[in-house]
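Chemist: Below you will find the structure I want to go over with you.
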Amino acid sequence: MNKLIHAFLSGIFSKGEINKKGLKNASLILGGIFFTAFFVIAWTFYKERMIPYDGAFYSFKMIDAKSFNIELGRFGAVASQLLPWISLQMEASLETVLRLYSVNFILIQFLIFIVLAYRFKDYKSVLALLLALCLGYRYQFYYAVSEIHQTIAPLILIFALVNSSLLFTGKRKDSLVFMAAFIALCAWLANIHMLAVILISFLVCYAILENKSLLSKKELWISIVTGYSFFAYKILSIPKGSYDDSKLITVEKLKTVFTQLNNVPSFQFFKAEFFSNYYILVFAALLLFALLSYRRKWLELSFVILSLMGFFILTIAYNITPDSPVVYQNYYACFGLLVAVPLAVELVAVFQVKIVIALVSLLVFFSTIKIVQCGRMYEMRMEYFSRIQQNVKGLPESKFMVSSNNVNLNMIWVDWNMGFETLIYSAIASPDSAMTFTTVGNYADYDSMMYKPNTFIGVRFSPYWFTSENMSQTYFRIKNTPYRILNKIPKDSLVNRTFDSSNVELDFGKETSASLPYFRYQIIPVEIQNNSNDTLYSKAMDKGQLKLGYKLYSNGELLNINSCASQLEVDIYPHSKKVTGLELPYLKRGTYEVEIDLVKDCNKWLNITKKKSFTIY
């Protein structure tokens, strides 16, 4: 029995030596599979990655200037824009530009993988790179242009550089190469995102804990001081009142975190989302703690735990004011890095290669599955853009205003950029199909400009920034027309009182599938046919607000009733049909039946019902 146990354990745990050839081959194969998969995901989901949030904004500005787009002096982002910039010079199609933009980020990471594997031959860092690029990513994988994500792979390169033999050969040339590379990487990272300096500090300190002889290397300290000077310069150069200035972590913000933590929006989001969406990262962190404890590396364990806690405090303080959920999650990617690097080091030290690769593969696989699942929200965002584009076909205008109250923020999260997002989305099919939908809180704020034919409101905070007549005709042939309001405020205070089953019909949209992917909520298209001579308004002044309601059944048993489920997305003109989205709640995998109806003032069902069965898979 003892021999069997010993044989079993010897097949799992390392005996002190590392099978370098086995680790090399397995790491290269795993890395090849990883980057092939992520390239395919980035290529396939290019709309979901490059249209939401700043993606459409950056893309439009690149097209408008036919040059690189640098925001907030973050010149290091140029590397991520090389392929779309080249395609713009060649006047490639908008689809090609966006696809190349999406995969450009993956290709940079792949090049760093090649350097780690073939120049440094550091396979622990290779595994750390793979883990860091997925453990902390969920929805923010689709926020590809965010600069903080562009720091992750170069940071792994810094860790590999510090752990390389360059400082230990005794050759002046190697020392100079180390210093030049370290300083160059710091300069690059300082011009991508200033928070990278904190992550560099973590990686250098962990490397020193692993190899105390680094403390005596003056070349390392010269490189650190010189490299950090780039970050100091960037921080000291921040203009007062700028976006970066608002994000600086102050004593007052830290005081708020420690005294009013439960009232901070980013912490409220963290409590609600982190452990449900990032449990694989939590498991990886617990595995790391267990391995460090097993090896009695108490100093490293304390350092990692304190670093995670410290970075958590900094991320909460960094996002002290209300912001988009995707902005809160942006910095969770850094938690993946903080766990991935020491975890890769400890896995290789403790386990045999086959166990290391199996564990890393499982962590990568399940993290990737979660990333793909999170893409469902962005698919529904694109489906919404398709619906509103379909709803205005045949109208003479190509510029539209949508009330913010009629946009499902559970799906959109933020709508400040929808003018650019819908423009980019609609123009992919053809420059002549370009149209734009801008969300507005108060129409009166735009009275002076909405009727001017050359107006283009890309972003609400700067409505005069661009005009429709000066857009690139290669990509956007938008009509110079006034804006049409799609959610008009009716003059009648008792609007929609004439509608009932005699003049309104409901049906499920042609795109409504009988099988829906598992997600935290579902949005299904519903067709509304208005057979009356009156407009069915999607807004109401006082009474008469019509919304979509539903009754949800499972195996004939009523599960849920919601009489106030979804706002209508657009007004429905007389004798016309429009498509709007109905939101259903979280549902477990299984078969359901939904019965839909129009509900007035969230309490009067009009009995214009339609049923449909569907499966969540």
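The sequence shown runs 1483 to 2099 under my numbering. Think of the CB as a built atom: it goes at the ideal place given N, C-alpha and C, for glycine as much as any other residue. From a predicted model like this one, the values you see are computed outputs, not experimental measurements.
1) Ends of the alpha helix (DSSP H) at Cys1616?
2) Could you check the C-alpha separation between Trp1947 and Tyr1866 for me, to the nearest Å?
3) When you compare the stretch 1823-1839 with the stretch 1870-1878, are there three or more beta-carbon pairs, one atom per stretch, that lie closer than 8 Å?
4) What are the start and end residues of the beta strand (DSSP E) that includes Thr2097?
5) Which residues mark the beginning and the end of the beta strand (DSSP E) in which Ile2006 is found?
6) Can you check which of these residues, Leu1743, Leu1829, Tyr2000 and Tyr1710, is closest to Leu1774 by C-alpha distance?
7) Going by the DSSP bridge assignment, what does Ala2073 pair with across the sheet?
8) Have a look at Ala1489 and Phe1833 and give me their C-alpha separation to the nearest angstrom.
9) Taking the straight line between their C-alpha atoms, what separation do you get for Ser1698 and Phe1664?
10) How far does the beta strand (DSSP E) with Ile2043 in it extend, from its first residue to its last?
11) Using CA coordinates, which residue listed in Ile2006, Glu2075, Ser2020 and Ile1640 is at the minimum distance from Gly2063?
12) Going by DSSP in three states, Val1874 sits in which element: helix, strand or coil?
13) Near Ala1610, which residues of its chain fall below 6 Å by C-beta distance, leaving aside the five closest residues on each side in sequence?
14) Going by DSSP in three states, Val2081 sits in which element: helix, strand or coil?
15) Excluding the 5 residues flanking Leu1491 on each side, which residues of the same chain have their C-beta closer than 8 Å to its C-beta?
16) Count the other CB atoms, across all protein chains shown, that sit within 10 Å of the CB of Ala1672; report buried if there are 16 or more and exposed otherwise.
17) Check whether the Cβ atoms of His1631 and Ala1815 lie closer than 9 Å to each other.
18) Provide the residue span of the alpha helix (DSSP H) that contains Asp1546, from first to last.
19) With distances taken from CA atoms, which of Ala1662, Leu1730 and Tyr1619 is nearest Ser1705?
20) Among Phe1847, Ile1533, Glu1951 and Thr1956, which residue has its Cα nearest to the Cα of Asp1914?
21) Express the C-alpha separation of Asp1727 and Tyr2123 in angstroms, rounding to a whole number.
22) Which of the three DSSP states is assigned to Gly2031 in this structure?
23) Comparing alpha-carbon positions, which option in Gly1940, Ala1547, Ile1894 and Gln1855 lies nearest Phe1882?
24) Using a Cβ-Cβ cutoff of less than 7 Å, which residues in the same chain neighbour Ser1954 once the five nearest sequence positions on both sides are dropped?
25) Check the DSSP bridge columns for Asp1914 and list the partner residues they point to.
26) Cβ atoms of Phe1981 and Leu2018: under 9 Å apart, would you say?
27) May I ask which residues mark the beginning and end of the beta strand (DSSP E) holding Lys2059?
28) Given Asp2016, which residues of its chain have a CB within under 7 Å of its CB, disregarding the five upstream and five downstream residues?
29) Going along the chain, which residues of its own chain have a beta-carbon closer than 6 Å to the beta-carbon of Phe1527, five neighbours each way excluded?
Modeler: Here's the rundown:
1) Here Cys1616 belongs to no alpha helix (DSSP H), and DSSP marks it neither H nor E.
2) 26 Å
3) no
4) Lys2092 to Ile2098
5) Gln2004 to Asn2012
6) Leu1829
7) Residue identity differs from the one stated: residue 2073 is Thr in this sequence, not Ala. In the DSSP output, where bridge partners are listed per residue, Thr2073 has Thr2097.
8) Because Ala1489 sits at a pLDDT of 43, beneath the cut-off of 50, its placement in the model cannot be relied upon, and the point is left open.
9) 17 Å
10) Glu2039 to Gln2049
11) Ile2006
12) coil
13) Ile1638, Ala1822, Val1823 and Ala1826
14) strand
15) Low per-residue confidence applies at Leu1491: pLDDT is 45, beneath 50, and the placement is therefore not dependable, though the value from the model is reported in the following sentence. Result list for Leu1491: empty, nothing under 8 Å.
16) buried
17) yes
18) Asp1536 to Ala1547
19) Ala1662
20) Thr1956
21) What the structure shows of the chain is the stretch from 1483 to 2099, and residue 2123 is not part of that stretch, so it cannot be assessed.
22) strand
23) Gly1940
24) Ile1545 and Asp1546
25) Paired residue(s): none; Asp1914 is not in a bridge.
26) yes
27) Ser2058 to Leu2066
28) Thr1980 and Pro2056
29) Gly1857
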